[in-house]
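S.K.:
Protein chains in written order, with the working numbering: chain A, 139 to 479; chain B, 3 to 259.
(1) Would you say residue 437(A) faces chain B, with C-beta separation under 8 Å as the test?
(2) Give every residue of the same chain whose Cβ lies closer than 6 Å to the Cβ of residue 150(B), excluding the five residues on either side of it in the sequence, and list them in chain order.
(3) With C-beta atoms as the reference, is residue 471(A) less than 8 Å away from residue 395(A)?
(4) Pop quiz: residue 304(A) and residue 272(A) are said to be a contact at Cβ under 8 Å. What is the actual Cβ separation, rounded to whole angstroms?
(5) Roughly how far, in whole angstroms, is the beta-carbon of residue 195(A) from the beta-carbon of residue 181(A), given that I think they are within contact range, below 8 Å?
(6) Determine the direct distance from the alpha carbon of residue 26(B) to that of residue 19(B), and round the result to whole angstroms.
(7) How about residue 84(B) and residue 144(B): are their beta carbons less than 8 Å apart?
(8) Take residue 398(A) as the anchor and find which of 302(A), 200(A), 478(A) and 209(A) has the nearest alpha-carbon.
(9) Can you tell me where the beta strand (DSSP E) holding residue 214(A) begins and where it ends?
(10) For the region 446 to 463 of chain A and the region 183 to 198 of chain B, state whether three or more C-beta atom pairs, one from each stretch, are separated by less than 8 Å.
(11) Apart from the five residues on each side of it in sequence, which residues of its chain come closer than 7 Å, Cβ to Cβ, to residue 97(B)?
(12) I'd like to confirm something about residue 111(B): is its beta-carbon nearer than 7 Å to some heavy atom of the ligand MN, or not?
(13) Would you list, in sequence order, the uninterrupted alpha helix (DSSP H) runs of no fewer than 4 residues that lie entirely inside the region 183 to 216 of chain B?
(14) Residues of the region 162 to 189 of chain B with a CB closer than 9 Å to any CB of chain A: list them in chain order, please.
(15) Let me check understanding here. Comparing Cα to Cα, which of 457(A), 227(A), 419(A) and 468(A) lies closest to residue 434(A)?
(16) Considering just the uninterrupted stretch of the beta strand (DSSP E) at residue 383(A), what are its terminal residues?
(17) I need the DSSP call for residue 252(A), collapsed to helix, strand or coil.
(18) Taking only three categories from DSSP, how would you classify residue 269(A)?
(19) Of all the options 448(A), 236(A), 267(A) and 422(A), which has the alpha carbon lying nearest to the alpha carbon of residue 465(A)?
(20) Sort 387(A), 214(A) and 403(A) by Cα distance to residue 285(A) and report the nearest one.
(21) Report back the beta-carbon spacing between residue 378(A) and residue 367(A) to the nearest angstrom; my notes put them in contact at under 8 Å.
(22) Of all Cβ atoms in chain A, is any one closer than 8 Å to the Cβ of residue 160(B)?
(23) Using three-state DSSP, classify residue 259(B) as helix, strand or coil.
(24) So if DSSP puts residue 106(B) in a beta bridge, which residue, or which two residues, is it bridged to?
(25) Which same chain residues, not among the five before or five after residue 21(B), have their C-beta less than 8 Å away from its C-beta?
(26) Please tell me whether residue 148(A) has its Cβ less than 8 Å away from any Cβ of chain B.
(27) Tell me whether residue 210(B) is buried or exposed, calling it buried when 16 or more other Cβ atoms sit within 10 Å of its Cβ.
(28) Can you look up residue 415(A) in the DSSP assignment and give me helix, strand or coil?
(29) When the cut-off is 8 Å and only beta carbons count, does residue 252(A) lie next to chain B?
(30) From this set, 238(B), 159(B) and 203(B), which residue's C-alpha is nearest residue 113(B)'s C-alpha?
(31) So which residues on chain A does residue 157(B) lean against when the C-beta distance must stay under 9 Å?
(32) Quick check: is the beta carbon of residue 235(A) nearer than 8 Å to any beta carbon in chain B?
(33) Can you give me, in chain order, the residues of the region 204 to 216 of chain A that have a beta carbon less than 7 Å from any beta carbon in chain B?
(34) Just the chain B side, please: which residues come within less than 8 Å of residue 239(A) by C-beta, in chain order?
(35) At the 8 Å Cβ level, is residue 186(A) part of the contact set with chain B, yes or no?
(36) Using a C-beta to C-beta distance shorter than 9 Å, which residues of chain B count as neighbours of residue 282(A)?
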């Protein structure tokens with residue numbers, strides 16, 4: 139449905155986007171994930187029409203999107219700051235986009251009423267934005283964007299301004315609404331948990347380039363670049379060269395993993411903290427540096443000789459080990475992911 | 003913590019120095035004596051004299067025409083200039099030039115405008131004063147509206163465009179309401195500045211159509227009469243009212259937006 143091909147954008151010496159190509163499908167919940175300054179917001183602004191790329195094409199349903207002015211695109215953006223019009227009531231804010239389409243008054247009132255009900259704000263129609271809570275403002279911003287029934291809805295860090303509890307609530311709400319209205323959502327976020335829980339597919343950005351595009355589970359379990367392995371979730375990374383049974387590490391011997399790389403290729407081995415076990419014969423030996431209890435999980439840091447950073451182990455519930463005690467670490471070969479460097 | 007009393011001395015001295023002449027002037031305007039220097043009892047006779055003075059009346063009408071005309075022009079042009087500079091230009095130079103008439107000495111502006119009118123062979127009249135006052139009034143409006151724009155959220159305008167509004171609709175429905183407090187403040191500033199402006203007006207006014215400050219100046223040349231005090235008191239009242247109204251209105255529009 140949305141086809142982005144070879145899009146580049148430079149601001150002076152800084153390259154915000156470098157030959158980005160993506161395909162986003164009809165009805166999909168798609169996330170652009172990356173640290174701040176990685177170019178994801180620039181891409182969003184290009185889709186909305188507030189920026190133009192230096193190179194590349196963007197087509198929506200086969201039509202050239204870049205040739206249309208921002209106010210003519212069937213694309214709506216929910217701003218990070220929500221950008222609600224402070225001098226208008228909630229109902230007026232939501233009606234604004236429909237009034238621009240020159241719809242009949244009765245039709246506008248009906249659709250505004252419908253959408254406000256959908257986001258649970260039908261009783262707040264007469265209020266001004268500054269009389270609402272953060273979560274309510276966000277719903278107004280969302281209602282204002284979806285009432286136009288765009289082909290594509292862009293969301294810029296939709297949950298970042300909310301506190302933790304409201305955030306979890308809105309996360310479910312966003313998914314429910316996306317299901318209900320069937321609009322393709324593209325969300326920009328720096329929060330990987332948010333991206334993983336919301337999106338059907340995620341594109342990870344770093345320094346203006348797309349690192350990997352995958353469904354959340356694949357992205358987590360099979361990172362394909364060192365950046366993705368480090369950015370998405372906590373990971374233990376070991377340096378070395380690929381060999382038939384895993385990774386030949388420089389100071390730690392052979393570490394088990396699944397390798398499809400030619401022997402001798404410089405590579406990283408990534409093992410998730412929750413895949414590590416503290417029992418068994420042990421591939422690695424070390425001493426516990428620190429134990430942190432988080433309720434559902436505990437994090438155990440283990441210092442291993444020959445490695446500068448401690449290895450992180452996540453265990454279910456409370457753990458018996460204490461700081462200072464020697465432990466052995468092991469993992470199944472299937473849990474070690476080799477990434478070419 | 004108690005502040006040392008001594009700190010209040012320069013504070014009160016400054017205020018006494020500033021306001022004593024004004025208080026004396028207001029009191030003297032109610033003088034029943036003919037002398038502007040000795041008080042002989044309360045009377046409104048100078049106000050009556052003022053009302054029947056044809057020169058003063060004519061000057062007042064001219065001044066009001068100039069003030070209203072130049073305020074309307076300066077507000078419209080200044081607002082557009084501020085928006086243009088903030089949204090469609092990155093030039094520091096244009097920015098500096100836009101506020102130049104506000105900092106330029108009145109004398110320079112007055113002579114410059116007079117030379118300009120002479121060069122294009124324009125006969126002076128009220129319109130030439132209106133245009134002259136528009137020049138510096140616009141600079142003040144631009145400066146005030148720019149400040150307001152710098153603090154305003156550009157994403158509101160982007161949101162408007164995103165929702166399908168043309169740039170034109172966006173300007174009238176979103177940008178202008180956001181700027182209203184700044185525009186009102188700028189307009190009132192331009193109005194008060196125009197009402198008592200003397201130097202530029204004296205260069206650009208036609209001899210037979212003087213503004214009020216010019217009328218006052220020519221009256222003073224034949225000596226200060228209590229009539230002048232009455233006139234000054236009235237001007238003071240107008241300025242005060244406008245300034246207070248400006249503060250009230252900006253607060254009102256601010257609480258609305």
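No residue lacks a Cβ here, since even glycine has one placed at the ideal position from N, Cα and C.
M.R.: So, to answer that:
(1) no
(2) 181 and 184
(3) yes
(4) 7 Å
(5) The Cβ separation is near 13 Å, so there is no contact.
(6) 12 Å
(7) yes
(8) 478(A)
(9) 213 to 216
(10) no
(11) 87
(12) The model on display carries no ligand, and the ligand MN is accordingly not part of it.
(13) 201 to 206
(14) 162, 163, 164, 165, 166, 167, 168, 169, 171, 172, 175, 176, 179, 180 and 182
(15) 457(A)
(16) Taken as a continuous stretch (DSSP letters only), residue 383(A) belongs to no beta strand (DSSP E), as it is neither H nor E.
(17) helix
(18) helix
(19) 422(A)
(20) 214(A)
(21) At roughly 14 Å, the Cβ-Cβ gap does not stay under 8 Å, so residue 378(A) and residue 367(A) are not in contact.
(22) yes
(23) Any answer about residue 259(B) is weak, because its pLDDT of 48 lies below 50 and its placement is not dependable; what the coordinates show is given next. Coil at residue 259(B), not helix or strand.
(24) Beta-bridge pairing links residue 106(B) to no other residue.
(25) none
(26) no
(27) exposed
(28) strand
(29) no
(30) 203(B)
(31) 217, 218, 219, 220 and 221
(32) yes
(33) 208, 209, 214 and 215
(34) 166
(35) yes
(36) 161 and 165
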